[in-house]
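Chains as they are written, first to last, in our numbering: chain A, 1 to 331; chain B, 332 to 629.
Even for Gly, the Cβ is constructed at its ideal location relative to N, Cα and C.
Since the structure is predicted, the reported quantities are computational estimates derived from the model, not experimental observations.
Okay, structure coming up:
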């Protein structure tokens with residue numbers, strides 16, 4: 001078994017592009033679910049809106065890339081308004097139903113043959129829409145060390161990506177520790193009580209939905225740019241549930257938990273996959289038990305097992321406060 | 332304190348002892364407010380005036396519509412008909428948060444402490460006009476820090492009065508049921524209300540805390556605030572209220588000072604039924620036992 005290769009792959013994934021994307025998506029979800037108690041099951045929809053806004057604006061309509069970011073943010077605000085206006089006055093579960101359906105509607109529309117010319121159908125859009133971004137890449141060659149490797153483009157995406165994560169995390173930290181954040185947390189606990197104290201709960205919930213959604217769409221920008229392509233099926237409900245996994249791994253309502261959660265998530269996925277793959281190839285695991293082609297599925301099974309154990313032995317997540325969670329039982 | 336009490340009694344010197352009577356200086360006026368749930372009329376209040384600066388109790392048997400009436404007045408529920416006003420301002424179609432902002436703050440029958448916020452955060456949340464509660468300003472702490480310090484000072488002052496100061500950094504969920512009731516009242520005061528509406532403030536509170544809650548409520552009157560409360564604990568009603576309004580089956584059936592209410596035949600009927608003091612005769616007794624036997628046989 002090539003342990004150096006395993007370490008290289010695992011480390012690369014732990015701080016890599018996917019980790020950045022999932023961290024950003026989970027930061028947005030943390031705003032919704034962790035701080036405000038909004039059950040958003042359509043975070044993938046916000047990522048899709050961000051990703052497609054960039055790809056379609058640049059590739060189909062020839063809009064400059066940096067303007068397409070503004071379009072993406074504007075679109076995600078509109079998407080949040082469409083989701084929020086009818087549902088935020090209602091009980092929490094209605095938002096869950098509407099968001100999961102809306103995200104699926106977006107995916108189905110983007111992959112439909114009707115809009116093939118604009119949205120690219122089920123193949124999505126591939127091209128060079130990230131050119132303007134990569135033109136700024138100061139790295140002429142990639143990072144090539146014995147334990148970590150990035151191509152020149154990935155290195156640029158990762159550095160810009162982590163910078164964005166750092167800035168947004170800092171802003172989140174300021175916001176959730178402000179009186180504004182206090183109102184959000186209070187809404188999570190009991191919105192009727194907050195109303196009785198003279199706060200416009202609907203407005204705060206809408207602000208939270210929009211901010212978390214915009215952060216989600218920024219994750220979508222990174223997703224699209226890093227691959228220079230968008231594909232509808234990348235934005236399925238599985239993406240939303242992975243984002244929840246990341247958030248719960250780290251512990252909801254903690255500013256750093258999305259980052260740590262995303263790192264652990266990708267560390268485990270890649271580590272388990274590489275270990276299994278090498279073990280099968282080297283013959284440590286017999287072919288009749290796990291074939292090379294089954295490794296991809298098995299890693300999710302093991303991941304699921306790990307999550308179950310986490311929920312049993314550390315239900316508050318890595319960063320969560322067990323005392324706080326026990327209180328939630330409303331004893 | 333005593334003097335204040337006398338004054339409150341004076342408010343009612345010339346008030347008629349009848350449902351819907353006119354008050355000297357009403358802070359809250361409700362007119363033909365009704366609410367149906369399907370075929371059931373939960374609330375059907377012809378007219379009610381609540382005197383400013385006094386403690387008014389709203390009593391009635393279970394299912395009389397007291398809490399529903401509270402919900403209607405504070406915007407948590409919408410009536411089928413009716414108008415009501417607070418300080419002369421019509422409150423029809425005004426959402427709950429604006430009702431609170433106007434100075435009419437309520438508490439809930441099932442205490443709504445914000446569990447995963449600390450006691451002091453519960454208090455600070457309720458403060459009015461904190462600039463840092465706007466999204467944009469939240470990003471610039473220097474715009475609200477000073478105000479936040481003032482709010483914390485005021486919160487601590489009130490918490491001291493309510494003897495919750497030792498708990499200020501505990502999560503609200505860690506408080507006992509009675510302490511949560513105290514916290515809810517203390518928190519309502521942070522909104523600086525003119526009218527405080529308490530929905531069963533004594534439910535589940537032990538006798539020692541009860542006494543301190545009573546004192547706090549009397550203290551509110553001394554500060555010139557108006558209190559309207561729903562309560563089943565008759566000792567409390569008798570002890571602190573200046574005026575009692577009785578509801579039964581959605582309607583107001585009697586009004587008056589506490590002493591007049593306990594002897595009011597209609598009130599006794601509403602609570603205990605029309606034949607509560609009639610002796611059981613031979614006939615009805617055998618009916619009852621027959622029913623009982625029938626039940627056993629089944």
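- Proximity test, residue 185/A beta-carbon vs the ligand NAP heavy atom, cut-off 6 Å: The ligand NAP is not part of this structure, which contains no ligands at all.
- Message: I need the straight-line Cα distance from residue 476/B to residue 392/B, nearest angstrom please.
- Response: 48 Å
- Element boundaries [beta strand (DSSP E), containing residue 358/B]: 357-368
- For residue 411/A, the first and last residue of its enclosing beta strand (DSSP E): In this structure chain A extends from 1 to 331, so residue 411/A is not present and cannot be described.
- Contact list for residue 469/B against chain A, beta-carbon separation under 8 Å: 174, 175, 178, 179, 180 and 181
- What is the DSSP secondary structure of residue 388/B, counted as helix, strand or coil? strand
- Task: At 7 Å on the CB atoms, spell out the chain B contacts of residue 198/A, in chain order.
- Result: 428, 431, 432, 459 and 522
- Cβ separation of residue 13/A and residue 295/A, assumed to be a contact under 8 Å, to the nearest whole Å: In fact, because the Cβ distance is near 15 Å, the residues do not count as touching under 8 Å.
- Do we get a CB-CB distance below 7 Å when we pair residue 321/A with the residues of chain B? no
- Item | Contacts that residue 192/A makes with chain B (C-beta to C-beta distance below 9 Å) | 407, 427, 439 and 443
- For residue 37/A, does the count of other Cβ atoms within 10 angstroms reach 16, so buried, or fall short, so exposed? The residue is buried, with at least 16 neighbouring Cβ atoms inside 10 Å.
- Tell whether a beta-carbon distance below 7 Å holds between residue 45/A and residue 72/A. no
- Please classify residue 624/B: is it buried, with 16 or more other beta-carbons within 10 angstroms of its beta-carbon, or exposed? In this predicted model, residue 624/B has a pLDDT of only 46, less than 50, meaning its place in the structure is not dependable enough to derive any value.
- If you draw a straight line from the alpha carbon of residue 93/A to that of residue 39/A, how long is it in whole angstroms? Cα to Cα, residue 93/A sits roughly 7 Å from residue 39/A.
- Query: Of the choices 162/A, 142/A and 97/A, whose alpha-carbon is the least far from that of residue 16/A?
  - Reply: For residue 16/A, the closest alpha carbon among the candidates 162/A, 142/A and 97/A is that of 162/A.
- Message: Counting C-beta neighbours from all protein chains within 10 Å, is the total for residue 215/A 16 or more, i.e. buried, or is it exposed?
- Response: Buried.
- Determine the extent of the alpha helix (DSSP H) in which residue 92/A is found, giving its start and end residues. 92-111
- Query: Which partner residues of residue 144/A appear in the DSSP bridge assignment?
  - Reply: 149/A
- Message: Please list, in chain order, the chain A residues whose beta carbon lies closer than 8 Å to that of residue 455/B.
- Response: 179 and 182
- Message: Tell me the rounded alpha-carbon separation between residue 571/B and residue 547/B.
- Response: 11 Å
- How would you call residue 497/B, buried or exposed, if buried means at least 16 neighbouring beta carbons within 10 angstroms? exposed
- Task: Determine which residues share a DSSP beta bridge with residue 557/B and list them.
- Result: 526/B
- Test: residue 252/A CB closer than 7 Å to a CB of chain B: False, the Cβ-Cβ gap to chain B never drops below 7 Å.
- Anticipated Cβ contact below 8 Å, residue 180/A with residue 347/B, distance rounded: With a Cβ gap of about 50 Å, residue 180/A and residue 347/B do not count as contacting.
- Item | Residue from 363/B, 435/B, 504/B and 521/B with nearest C-alpha to residue 376/B | 363/B
- Query: Who are the neighbours of residue 466/B on chain A, taking C-beta pairs under 7 Å?
  - Reply: Those within 7 Å of residue 466/B in chain A are 180 and 207.
- Query: Do residue 174/A and residue 490/B have their C-beta atoms closer together than 7 Å?
  - Reply: Cβ atoms of residue 174/A and residue 490/B: not closer than 7 Å.
- Task: Quick one: list the residues of chain A neighbouring residue 276/B, beta-carbon separation under 7 Å, in chain order.
- Result: Nothing can be reported for residue 276/B, as the shown portion of chain B is limited to 332 through 629.
- Does any C-beta atom of chain A lie closer than 7 Å to the C-beta of residue 447/B? yes
- Message: I want to know whether the region 198-211 of chain A touches the region 50-65 of chain A - three or more CB-CB distances under 8 Å.
- Response: no
- With C-beta atoms as the reference, is residue 23/A less than 7 Å away from residue 47/A? no
- Anyone know if the C-beta pair for residue 153/A and residue 136/A falls short of 7 Å? no
- Query: Is it right to say residue 420/B is buried, meaning 16 or more other beta carbons lie within 10 angstroms of its own, or is it exposed?
  - Reply: exposed
- Query: So, using beta-carbon positions, are residue 57/A and residue 75/A closer together than 7 Å?
  - Reply: no
- Message: Is it buried or exposed, residue 80/A, if we count other Cβ atoms within 10 angstroms and call 16 or more buried?
- Response: buried
- Item | Residue-level contact to chain B via CB, residue 287/A, 7 Å cutoff | no
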